[in-house]
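For reference, the structure is listed below as structure tokens.
Right under this line is the structure:
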């Protein structure tokens, strides 16, 4: 039987896609963003894939380095 997808899983995937889109718009690759946030590239990769549940501190760092308000990370239009 297939595992049901929870709302939190869906939200994490949307968040990851949004971060990837903003990162690309800023002209950064995962390695560059990770370096600026003092994180490992794999953390950024997992986050963008929706496989990581980031802390508020990590999201704040990412938003700061992407030069957007943290709320912008959650605009899933």
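In full-length UniProt numbering, the protein residues as written are 1 to 77. Beta carbons are placed, not taken as given, at the ideal position from N, Cα and C, and that holds for glycine.
Asked, Found
"Between the Cα of residue 62 and those of 50, 38, 11, spot the shortest distance and give me the residue it belongs to.", "38"
"Can you tell me which of the three DSSP states residue 74 falls into?", "helix"
"Considering just the uninterrupted stretch of the alpha helix (DSSP H) at residue 9, what are its terminal residues?", "7-25"
"Pull up the distance between the alpha-carbon of residue 26 and that of residue 19, whole angstroms please.", "10 Å"
"Which residue marks the beginning of the alpha helix (DSSP H) containing residue 51, and which one marks its end?", "No alpha helix (DSSP H) contains residue 51, which DSSP labels as neither H nor E."
"Helix, strand or coil for residue 37 per DSSP?", "coil"
"Grouping DSSP H, G and I as helix and E and B as strand, with all else coil, what is residue 59?", "helix"
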